[in-house]
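In my numbering, the protein residues as written are 1 to 781. Glycine included, every Cβ here is placed at the ideal spot set by N, Cα and C.
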């Protein structure tokens, strides 16, 4: 059976690539025309509703090719040749388009005698072969190259526009006028915006605009100082409405759609509608806030007159001349619906749009063909299984763990945990459930508020930052990600086999097993192992005769533990690999977690210059976060327990010292510490910092006493925070370990060995251990 889309496509182009392109364009057209028809029918809806519908349509056209390629096509068969209409699930376009080959209709039979061919027969065969082997540019190739060229050009122009706007924001000056800042604060409270909003001005006569999502900026023109109070209020209300509605993100999504569908006029029309309706919706917010329509219209005209030239950029701007007259007409129309978009209506529109996009992207209308036609086609073209394309099917658990390792960004302000879970489910396409029974037993509400704004971190760490303050944990159980209590999570154990050759780059020599086993037990969640009364167990896998003879053969560890502890063990083994492998191995692309950890270490050691006069601590953290390009998080629960506020004033002016020392000078007097906590820099109380134990590995091969690592460990324990080590009742531990250095291609070098110290200590303890080792390194003889 041929789909109706494919029938149109085949008349348009002669190969699968062109058919695919035409099919996607046709489906996108159907979706956008549907949105246009709905808006034409529902004329009385508000601008906020129209904007949401256009935005969902734009996002939908971006999802259509993904659904078309990834999801099985559901074909609806129309009656034809006495065949009844029915639904049937077809194979994915991936298998049809990318991996289909044809079998020749005839093959030479070696059992038949060969007959001598005439010269013209050889000539004809040669010509046929030459034509068959010559590379040909088909319609699909031309379309693909043309589309890629268009994406490159439009994408480059978009990037230039975005970069120009970003440069303008970076070059602008902070507007610190008390009148402006006071008005901004009061209007933020009026609109319920909790995010920090920067107010800046530039030296150009531009239209006021909003830039950024996580840390938004309102950029004003150079003449803003001469504006009246009414004009200032109108501008700030309008731009704050854009921030409240996340219009910057909607404009970016619409711009991405224009880059991908640069050839589609309806997509450009939808982009203009998204921009237009976002301005109208922001205008409605201004009028709803109490400003008279005539006054607001006058202020728009005043601002438009001050703009010397239109500047094209994708950010939401207040007074674009091209649509100003129409906007003023709408403002002065008292019959207009100016209601905002309620939560229920928003969810309903999103659900309906999702169904519409899924229908357009997955469902195809088909026409049944006569069986003889189908059989003839099957004879002419038979599919052959492409062995190279065959890939092992990923399990549901693999998909969840891959999603947990992926990069994410979050922006939750007093959102219920249930909504946060739905957000993660939709964003990463994984199954997440809340263990209501366990939460009820502990008296934890599933609607507990969540406050976290971060970007560029792994999904797993984001969940940990969200769930830890609630005494909850996320574990993979029964092919779902389960949100449950820490007590329940501690009882979910799984046994994993660790192939040390693949993880560490080398097998485990017999004399190394017990030191490594002890290091894991002492340094990684020490209270959870059977030796300490827990349930965790670690054992060495059976060694074959080959493994006993060949030290490069795989070594095996079998460990039964919780998923959280398994994650920590993998981190420790990965760090060991970095120490023991040659420099070439260290050039592997780091993971998101490793990149964030490296950025924090680099930032803490880099020089910093600060000038704070009665600045709130939270503003200081935001400034340092932007200055050093790292993520800083407050441990608000621990700070609240000790009565320390994030608004505590900071007074410090100095430069030329490391960020680590700057933070110590800022935080020390108020009993706080900055701790490198995996992917973020955590600001917590001194009491809580002593509970955060971090595992790090120190290569002491070049130091005095390096051959007697036990003596070196004793020296450290007696001179660096002596009360914090395990022998004195603290949590600090030093586990000596000796490992062979690897040559290239993972071959062990028997003449080189590293003496290592695996240390579990607080951030402050690690600082002093590193300082002591550095001094020993200098006095080496």
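Using the C-alpha atoms, what's the distance from residue j back to residue i?
i: residue 757; j: residue 730; result: 18 Å
i: residue 760; j: residue 689; result: 13 Å
i: residue 201; j: residue 595; result: 34 Å
i: residue 50; j: residue 265; result: 19 Å
i: residue 746; j: residue 736; result: For residue 746, the predicted structure reports a pLDDT of 46, less than 50, and the residue's modelled location is therefore unreliable. A value from the coordinates is still provided. Straight-line Cα distance between these residues: approximately 23 Å.
i: residue 674; j: residue 726; result: 24 Å
i: residue 68; j: residue 228; result: 54 Å
i: residue 292; j: residue 274; result: 25 Å
i: residue 146; j: residue 152; result: 10 Å
i: residue 600; j: residue 625; result: 10 Å
i: residue 711; j: residue 718; result: 11 Å
i: residue 435; j: residue 676; result: 31 Å
i: residue 204; j: residue 157; result: 21 Å
i: residue 433; j: residue 480; result: 7 Å
i: residue 396; j: residue 475; result: 14 Å
i: residue 407; j: residue 66; result: 20 Å
i: residue 696; j: residue 222; result: 52 Å
i: residue 590; j: residue 611; result: 35 Å
i: residue 171; j: residue 165; result: 10 Å
i: residue 570; j: residue 654; result: 41 Å
i: residue 279; j: residue 294; result: 17 Å
Would DSSP call residue i helix, strand or coil?
i: residue 475; result: strand
i: residue 112; result: In this prediction, residue 112 has a pLDDT of 37, which is less than 50 and means its spatial position is unreliable; nothing more can be read from the coordinates.
i: residue 687; result: helix
i: residue 717; result: helix
i: residue 380; result: Since pLDDT at residue 380 reaches only 43, below the 50 mark, its modelled position is unreliable, and the value read off the structure follows with that caveat. Looking at residue 380 - three-state DSSP - the assignment turns out to be helix.
i: residue 679; result: coil
i: residue 693; result: coil
i: residue 711; result: helix
i: residue 498; result: strand
i: residue 397; result: helix
i: residue 57; result: helix
i: residue 760; result: strand
i: residue 560; result: strand
i: residue 214; result: coil
i: residue 209; result: strand
i: residue 289; result: coil
i: residue 262; result: coil
i: residue 771; result: helix
i: residue 535; result: coil
i: residue 597; result: helix
i: residue 44; result: coil
Should residue i be labelled buried (16 or more other beta-carbon atoms within 10 Å of its own) or exposed?
i: residue 271; result: buried
i: residue 355; result: exposed
i: residue 473; result: buried
i: residue 482; result: buried
i: residue 779; result: exposed
i: residue 608; result: buried
i: residue 93; result: Because residue 93 carries a pLDDT of 29, less than 50, the predicted location of this residue cannot be relied on, and the following value inherits that uncertainty. Buried: at least 16 other Cβ atoms inside 10 Å.
i: residue 276; result: buried
i: residue 400; result: buried
i: residue 613; result: exposed
i: residue 765; result: buried
i: residue 773; result: buried
i: residue 209; result: buried
i: residue 529; result: buried
i: residue 42; result: exposed
i: residue 31; result: buried
Between the Cα of residue i and those of the options, spot the shortest distance and give me the residue it belongs to.
i: residue 519; options: 603, 429, 733; result: 733
i: residue 496; options: 659, 559, 451; result: 559
i: residue 557; options: 531, 528, 521, 580; result: 521
i: residue 454; options: 439, 57, 631; result: 631
i: residue 457; options: 411, 238, 485; result: 411
i: residue 174; options: 575, 217, 338; result: 217
i: residue 350; options: 307, 26, 526, 54; result: 54
i: residue 462; options: 237, 593, 207, 637; result: 593
Could you say if the segment 561-568 and the segment 632-649 meet the contact criterion of at least three C-beta pairs nearer than 8 Å? no
Segment contact flag, the segment 186-199 with the segment 245-265, C-beta cutoff 8 Å, min 3 pairs: no
Evaluate the contact criterion for the segment 31-40 versus the segment 325-336: three or more CB pairs, one atom per stretch, below 8 Å. no
Would you call the segment 414-423 and the segment 435-448 in contact, with 3 or more CB pairs under 8 Å? yes
Stretch-stretch touch, CB-based, cutoff 8 Å, three pairs: the segment 246-256 with the segment 301-308: no
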